[in-house]
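Visitor: One structure, pasted below without further comment.
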Amino acid sequence: MAVIYRGATLTPHFREFLPPWVARQVWYSGAEVPSLQLIGAFRLEDPAGQVGIETQLLSDGAAIYQVPMTYRGAPLPRTPAGEKPAAGACPGEAGSADPRLIAAADHSVLGTRWIYDAEQDPVWLEQVLRLIRVNGRADPSVRPGAGVTTARGQRLAGRDPTAGQVEVEVCRLVTPLVPARQEGLAGLVIGTWQPSGPDGPTEEGCLVLARERGR
233 MAVIYRGATL TPHFREFLPP WVARQVWYSG AEVPSLQLIG AFRLEDPAGQ
283 VGIETQLLSD GAAIYQVPMT YRGAPLPRTP AGEKPAAGAC PGEAGSADPR
333 LIAAADHSVL GTRWIYDAEQ DPVWLEQVLR LIRVNGRADP SVRPGAGVTT
383 ARGQRLAGRD PTAGQVEVEV CRLVTPLVPA RQEGLAGLVI GTWQPSGPDG
433 PTEEGCLVLA RERGR
């Protein structure tokens, strides 16, 4: 189990670095830097215990967005020479800003944490696919004022979905909709959340789709 450091602080805080980062993303529908409210969060486990993996659901008042993040104690290695860059990565000279990086922040217990867009982190990818393969459940992250958010894998294909066999799509705009079963859909991650807080109703929808390559 991941160690949760109760009372630890992060500098800068999520509320400082996430709004401008969200505003720069192609999937953000607003026109200005948003004021974001945390709807809920959940965590996945890195078996090696080296990478923290957390997904936050955030609302700007008009929509709910999904932001999966990985927390690392050292920078994520660049794409090796000859390999195709991660989706969304921009070519650049050595030493240029890493487009996968959301922020570098100081954790009061662990020191500097490099916080990445998890969709482009291989550790996140493997743990999401594992969640689907075993029909597993993620661990909710309890936050003051936020409702309970859950995530469960749903395997649909006969063979194990692996990184080389499927393409994984994060549903950045979160809506209460679960797609119908269709050919080529290897698995899903289904989530539940409480958009109006812990005392409000629960909604359910798709958070991640895994499609067989070439389908």
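Residue numbers for the sequence shown, in my numbering: 233 to 447.
For glycine and all other residues, C-beta sits at the position ideal for the given N, C-alpha and C.
Tell me which same chain residues have a C-beta within less than 6 Å of the C-beta of Q269, skipping the five on either side of it?
Guide: Numbered from its first residue, the sequence shown carries residue 269 at position 37. Correct list, in chain order: S291.
Visitor: Could you tell me whether the Cβ atoms of P449 and G437 are closer together than 7 Å?
Guide: Residue 449 cannot be examined here, being either before or after the span of the chain that is shown, 233 to 447.
Visitor: According to DSSP, what are the bridge partners of D448?
Guide: Residue 448 falls outside the range modelled here, since the chain spans only 233 to 447, and no answer is possible.
Visitor: By the three-class DSSP mapping on this structure, what secondary structure does V355 have?
Guide: The count along the sequence shown starts at 1 and reaches residue 355 at position 123. Helix, per DSSP.
Visitor: Do the region 328–338 and the region 241–256 touch if we need at least three Cβ pairs shorter than 8 Å?
Guide: Yes: the two stretches touch, three or more of their Cβ pairs being nearer than 8 Å.
Visitor: Within 10 angstroms of its Cβ, does A263 collect 16 or more other Cβ (buried), or is it exposed?
Guide: On the sequence shown, residue 263 is found 31 positions in, with the first residue counted as 1. Per the 10 Å Cβ criterion, exposed.
Visitor: Taking the alpha helix (DSSP H) that V400 belongs to, which residues open and close that run?
Guide: For the purposes of this step, residue 400 is identified with residue 168 of the sequence shown, where counting begins at 1. Not the alpha helix (DSSP H): V400 falls in the beta strand (DSSP E), residues 398–402.
Visitor: Would R350 and P393 qualify as a contact pair, given that the criterion is a beta-carbon distance under 7 Å?
Guide: Locating residue 350 in the sequence shown gives position 118, where the first residue counts as 1. Locating residue 393 in the sequence shown gives position 161, where the first residue counts as 1. Sequence check: residue 350 is Ala here, not Arg. Cβ atoms of A350 and P393: not closer than 7 Å.
Visitor: How far does the beta strand (DSSP E) with A306 in it reach, from first residue to last?
Guide: As a first step, residue 306 is located in the sequence shown; it is residue number 74 there, counting from the start. Note, A306: premise wrong, no beta strand (DSSP E); not H, not E.
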